[in-house]
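Asker: All letters in the sequence shown, in the order written, are residues -9 to 310 by our numbering.
Just so it is clear, CB atoms sit at the ideal spot from N, CA and C, and this is done for glycine as well.
Since this is a predicted model, take the numbers as computed values, not measurements.
The structure is given below, and queries will be raised subsequently.
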Amino acid sequence: MLEFRPAPARFVERKLRASASRAEQSGSRRSGADRPGRDRLGTNRPDTDQPSTDRPAGKHTGADQSLAGKRVLVTDACSEVGRATATLLADRGAQLLLVARRGDQLITTCAEITSAGGRAHWFRCDISALGDVDQLVTWVLTEFGSVDVLVNNAGRPQHRPVVQSLDRFRDYQRMMAINYFGPLRLTLGLLPAMLNSGSGHVVNVGPAHHNATAAASFASYASSQAAWTTFAECAEAELGSHGIQVTAIDYPAVHADPAAAGTEVAFADQYDRDPAEVARAVETAITARDEEHPRLARTLRGLAGVAPRSTTRLRHAFGL
């Protein structure tokens, strides 16, 4: 099936060759502070992980650097939620790895962040194509070694009643590829480096219906999200003792017309949390999850290996 095709072009190899070529040229072109370089695909990108001393002053200057030193990968980074999240995290000092299907939009988003004084790199990846995801993992591990935070940003729900999908099995394949197999492949690919470092954070972001059992006309999306949510809950129970956190951030979907609530179109494309609010929730999850109850958090991590289900319930009860 098409959703699980290998990537048609070895994009990651070209990306790595461009990085190596740029690194060789940088020695002869520089005589002091680092200057932002451009890879052969035309995207602005810092040549090192250190902030450039001649970077133009922008809104990031003097801003809260609560995420300084954190390397964060954001999928679907060109969506409204993805762009708002990337911009806010860059404003807090994080180094962003932006991922999306549209390369042209990635270049624009990356350029906006770097021109404002942030640090951002990009990689074009169709998250529904497992070959693309494998190349993304190779690029991340080769170029950066690991990430501190992985933000799996889910796409918009697909709306189609079951009776209109009897001959559209592909709809279910695509939703599973985008919302389950793709992020699962990416998460599993990046987890070994997190385990080796003894720390990491996986943040899963996506729209959710207020009542999953009544999500009429969203069977393909809701079932794929149910699979992903179940995996995330199991992973949270198992990985806490290894210093890796798994957080879920939902933004309930509601119809623009309150009178339509409870109908089959109530799970619509407009949400009761705007992108900026979702971005702030992601930032809070990354920066403050263990700060409020550090001793309790350490205790729960130790308990996770003995009683994972009880630990999960306690973490939810205390908002950890």
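Identify which residue in 65, 103, 58 and 173 has its Cα closest to the Cα of residue 88.
Answerer: Translated into the one-based positions of the sequence shown, residue 88 becomes position 98. Looking at the Cα atoms, 65 is the closest of the given residues.
Asker: What are the uninterrupted segments assigned as alpha helix (DSSP H) that are 4 or more residues long and contained completely in the segment 183 to 238, given in chain order?
Answerer: Those alpha helix (DSSP H) runs which fall completely within the segment 183 to 238 and span 4+ residues are 209 to 229.
Asker: For residue 134, which of helix, strand or coil comes out of DSSP?
Answerer: Reading the sequence shown from its first residue, position 144 is the one you call residue 134. Coil.
Asker: Over what stretch of residues does the beta strand (DSSP E) that includes residue 311 continue unbroken?
Answerer: Since the first and last residues shown for the chain are -9 and 310, residue 311 lies out of range.
Asker: Return the chain-ordered list of same chain residues with a C-beta closer than 6 Å to the C-beta of residue 196, the five sequence neighbours on each side being excluded.
Answerer: Residue numbering aside, residue 196 sits at position 206 when the sequence shown is read from its first letter. Here the set comprises 144.
Asker: According to DSSP, is residue 123 part of a helix, a strand, or is it coil?
Answerer: For the purposes of this step, residue 123 is taken as residue 133 along the sequence shown, with counting starting at 1. Helix at residue 123.
Asker: How long is the line joining the alpha carbons of residue 206 and residue 149, rounded to whole angstroms?
Answerer: The count along the sequence shown starts at 1 and reaches residue 206 at position 216. The count along the sequence shown starts at 1 and reaches residue 149 at position 159. Those two C-alpha atoms are separated by around 9 Å.
Asker: Do you know offhand how far residue 48's Cα is from residue 158's?
Answerer: For the purposes of this step, residue 48 is taken as the residue at position 58 of the sequence shown. For the purposes of this step, residue 158 is taken as the residue at position 168 of the sequence shown. Legend: pLDDT at residue 48 = 40, less than 50; position of this residue unreliable, no value from coordinates given.
Asker: Does the Cβ-Cβ distance between residue 76 and residue 96 come in under 8 Å?
Answerer: As a working note, residue 76 is residue 86 in the sequence shown. As a working note, residue 96 is residue 106 in the sequence shown. Not a contact, by the Cβ cut-off of 8 Å.
Asker: Taking all protein chains shown into account, do 16 or more other C-beta atoms lie within 10 angstroms of the C-beta of residue 278, making it buried, or fewer, making it exposed?
Answerer: Numbered from 1 along the sequence shown, position 288 holds the residue referred to as residue 278. When all chains shown are included, residue 278 counts as exposed.
Asker: In its own chain, which residues sit with a C-beta less than 7 Å from the C-beta of residue 214, not counting the 5 before and 5 after it?
Answerer: For the purposes of this step, residue 214 is taken as residue 224 along the sequence shown, with counting starting at 1. So the qualifying residues of the chain are 165, 166, 169 and 170.
Asker: Tell me which same chain residues have a C-beta within less than 6 Å of the C-beta of residue 113, skipping the five on either side of it?
Answerer: Reading the sequence shown from its first residue, position 123 is the one you call residue 113. Result list for residue 113: 89, 126 and 129, in chain order.
Asker: Is the beta carbon of residue 153 closer than 8 Å to that of residue 193?
Answerer: Taking the first residue of the sequence shown as position 1, residue 193 is located at position 203. Taking the first residue of the sequence shown as position 1, residue 153 is located at position 163. No, these two residues do not count as a Cβ contact at 8 Å.
Asker: Would DSSP call residue 67 helix, strand or coil?
Answerer: For this step, residue 67 is matched to residue 77 along the sequence shown. It is coil, neither helix nor strand.
Asker: How many angstroms separate the CA atom of residue 155 from the CA atom of residue 163?
Answerer: For the purposes of this step, residue 155 is taken as the residue at position 165 of the sequence shown. For the purposes of this step, residue 163 is taken as the residue at position 173 of the sequence shown. Each residue's Cα considered, the two are about 12 Å apart.
Asker: Below 8 Å, how does it come out for the segment 172 to 188 and the segment 115 to 124: are there three or more Cβ pairs, yes or no?
Answerer: They touch, by the three-pair rule.
Asker: Is the beta carbon of residue 234 less than 8 Å from the beta carbon of residue 272?
Answerer: To locate residue 234, count along the sequence shown from 1; it is residue 244. To locate residue 272, count along the sequence shown from 1; it is residue 282. Contact: no.
Asker: Please classify residue 40 as buried or exposed, where buried requires at least 16 neighbouring CB atoms within 10 angstroms.
Answerer: On the sequence shown, position 50 is the one that residue 40 refers to. For residue 40, the pLDDT reaches just 34, beneath the cut-off of 50, and the residue's location in the model is therefore unreliable, leaving the point undetermined.
Asker: Please state if the CB of residue 180 and the CB of residue 137 are separated by a distance shorter than 8 Å.
Answerer: Numbered from 1 along the sequence shown, position 147 holds the residue referred to as residue 137. Numbered from 1 along the sequence shown, position 190 holds the residue referred to as residue 180. It is a contact, given that the beta carbons lie within the stated cut-off.
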